[in-house]
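Trainee:
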Amino acid sequence: MGAVGYLLSTAYYQLFIFRFLEGFGSGIINTSSMIILTKRLYKDEKRAKVLSRYMIARRLSMGSAPFLGAIAAYEFTDKAAFLLYAAIMTAGVIIAFYNKKFLNNINNVIGNGVKDNGSDNAGNLKNLKNINDEDMEIPNVNINIARWEPKITADKEPPVYESAYERAGHLKKYVVLLYNFNFIVLCFLTFSFFFSRIGSRRELVPLVGYSVMNLNKADIGLLVSISAVIGVVLTYYSDRIINAMGVKNSIITSFIITAVGVLSFIIFKNIAAFGLSIILLSAGGGFSGPARNLYLMDSVDKSHYDEAIGIYRTLSDLGFVLGPFAIGAVFDYFNYISAYGLVAFIIILATILFGFFAKSYTAVIPA
4 MGAVGYLLST
14 AYYQLFIFRF
24 LEGFGSGIIN
34 TSSMIILTKR
44 LYKDEKRAKV
54 LSRYMIARRL
64 SMGSAPFLGA
74 IAAYEFTDKA
84 AFLLYAAIMT
94 AGVIIAFYNK
104 KFLNNINNVI
114 GNGVKDNGSD
124 NAGNLKNLKN
134 INDEDMEIPN
144 VNINIARWEP
154 KITADKEPPV
164 YESAYERAGH
174 LKKYVVLLYN
184 FNFIVLCFLT
194 FSFFFSRIGS
204 RRELVPLVGY
214 SVMNLNKADI
224 GLLVSISAVI
234 GVVLTYYSDR
244 IINAMGVKNS
254 IITSFIITAV
264 GVLSFIIFKN
274 IAAFGLSIIL
284 LSAGGGFSGP
294 ARNLYLMDSV
304 DKSHYDEAIG
314 IYRTLSDLGF
324 VLGPFAIGAV
334 FDYFNYISAY
344 GLVAFIIILA
354 TILFGFFAKS
364 YTAVIPA
């Protein structure tokens, strides 16, 4: 709907409204897909490989979309880019509906921790003791415990809602997560990653490249493209790196590479260091994403995955939002070195906290 709204908008406030709608939908998509993947791959020996392929798909889409949109806008009109975007999202909707039954079966299976025996209700009778007697008074209602949702029969009886006991259980899960130090440190690490990645790559790179390094748009685009290719290649091999080094060591190494990239430009302040900084920032993120997702699987109890991923994604998006604002403000009120210094401080602080205080879990079994 947001994509179609872009196409039909005729005023700025309309773009603002549909941008909000698009972001809301994007948050649901990213969180839900990670919940499905995390539960599906729980203790799977090939989980690092699958996550690396998932991250490659995301990186390729984010890398190619601006290029395709620019071509559409240049060859036709700005509206053509929005039309292309709406067409791609429509294709996504069709795919999502086509796979709806498949995804529901995954939810039923992974939610109950049992194998699917061909029935959509496999394991639905598990943990019925958690339902209060008064909640079961309505006849002809089949409760899907895996998703805590009612399934209405042909009689169209009113749905059975969560009991107070169940709602308290959800709240308790959030409290448990807040006392999980390893998870909280991981969330801060992810916050720092998106804070630095979005703020530096999407804001500092064009600002510094154009106003300080005196590069033209083509040179800046070339540097970003090279760094993106390196990031995709490292993401492709990230499962091998993770299996060889372990999850925690892979995360620490990726953030050290990122920190070195930022510090190199602060120290040398020349065009070579600027290019190296861009490349190292992308290289550091090349295997960081899959490794952080694997650490989340290990540090959180499986029954808390839904709530944990919700918190995890919220904090990562917070870094996505605050990064450009904070870095832009520092750049404007002080200078570009101070802006790079802020990025370096956040990255180094998160790396030290995670490296020295977070628990190291059992290494991933090689696929």
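Quick note on my numbering: the sequence shown kicks off at 4 and runs consecutively.
Idealized CB from N, CA, C, for every residue including glycine.
Compare the Cα-Cα distances from G5 to each of F19, L24 and T13 and report the closest residue.
Mentor: When F19, L24 and T13 are compared, the shortest CA-CA separation from G5 is found for L24.
Trainee: Under 6 Å Cβ to Cβ from I274, same chain only, skipping five residues before and after it: list those, please.
Mentor: M216
Trainee: For V7, which residues of its own chain have a beta-carbon under 6 Å away from its beta-carbon, when the five flanking residues on both sides are left out?
Mentor: A89
Trainee: So G292 and M58 are in contact, right, with Cβ under 8 Å, and what is the actual spacing, rounded?
Mentor: 5 Å
Trainee: Cβ of F79 within 8 Å of Cβ of L10?
Mentor: No, the pair does not count as a contact, with Cβ atoms beyond the cut-off.
Trainee: Just verifying my parser: in three-state terms, what is the DSSP assignment at A370?
Mentor: Confidence at A370 is low in this model, with a pLDDT of 45, below 50, so the placement of that residue should be treated as unreliable; the coordinate-derived value is given next. Reduced to three states, the DSSP call for A370 is coil.
Trainee: Residue ranges of each alpha helix (DSSP H) run of no fewer than 4 residues wholly in the stretch 288-348, ordered along the chain?
Mentor: 291-302 and 308-336
Trainee: Given a cut-off of 8 Å, decide if L87 and A75 are closer than it, judged by their beta-carbon atoms.
Mentor: yes
Trainee: Assuming Y364 and V250 are in contact, meaning their beta carbons sit under 8 Å apart, how far apart are those beta carbons, in whole angstroms?
Mentor: 6 Å
Trainee: Measure the alpha-carbon distance for K103 versus V96 and round it to whole angstroms.
Mentor: 10 Å
Trainee: Rounded to whole angstroms, how far is the Cβ of F184 from the Cβ of S319, which I believe are closer than 8 Å?
Mentor: The distance from the Cβ of F184 to that of S319 is about 18 Å, inconsistent with a contact at the 8 Å cut-off.
Trainee: The alpha helix (DSSP H) spanning D47 covers which residue range?
Mentor: Taken as a continuous stretch (DSSP letters only), D47 belongs to no alpha helix (DSSP H), as it is neither H nor E.
Trainee: Thinking C-alpha only, which one of V211, G289, L207 and K42 is nearest R61?
Mentor: G289
Trainee: Go ahead and pull the three-state DSSP assignment for M37.
Mentor: Helix, per DSSP.
Trainee: Once the 5 residues before and after I282 are set aside, which same chain residues still bring their CB inside 8 Å of it?
Mentor: L226, I229, S230, I233 and G264
Trainee: Can you tell which of I20, L352 and A294 has its C-alpha closest to the C-alpha of A243?
Mentor: Residue identity check: residue 243 is Arg in the sequence provided, not Ala. Ranking I20, L352 and A294 by Cα distance to R243 puts A294 first.
Trainee: Under the rule that 16 or more other beta-carbon atoms within 10 Å means buried, what is S285, buried or exposed?
Mentor: It counts as buried.
Trainee: Looking at A311: is its Cβ nearer than 8 Å to the Cβ of F186?
Mentor: By the CB criterion at 8 Å, A311 and F186 fall inside the cutoff.
Trainee: In whole angstroms, give me the CA-to-CA distance for Y77 and R205.
Mentor: 21 Å
Trainee: Keeping to the same chain, check which residues put their C-beta closer than 6 Å to that of F191; ignore five residues upstream and five downstream.
Mentor: A353
Trainee: May I have the straight-line CA-CA distance separating S341 from A332, to the nearest angstrom?
Mentor: 10 Å
Trainee: Would you mind working out which of L181, L297 and I269 sits nearest E48, comparing C-alpha positions?
Mentor: L297
Trainee: Cα-Cα, which of Y240, L279, S267 and G287 is closest to I255?
Mentor: By alpha-carbon distance to I255, the top candidate from Y240, L279, S267 and G287 is G287.
Trainee: Starting from the Cα of G30, find the closest Cα among S253, V324 and A361 and give me that residue.
Mentor: From the listed residues S253, V324 and A361, the smallest Cα separation to G30 is found for V324.
Trainee: Do Y315 and I38 have their beta-carbon atoms positioned less than 8 Å apart in this structure?
Mentor: no
Trainee: Keeping to the same chain, check which residues put their C-beta closer than 6 Å to that of G212; ignore five residues upstream and five downstream.
Mentor: L218 and I223
Trainee: From what residue to what residue does the alpha helix (DSSP H) around L210 run?
Mentor: V208 to S214
Trainee: What runs of the beta strand (DSSP E), each 3 residues or longer, lie entirely inside the stretch 197-271?
Mentor: none
Trainee: Take L210 as the anchor and find which of P327, A247, S195 and S267 has the nearest alpha-carbon.
Mentor: P327
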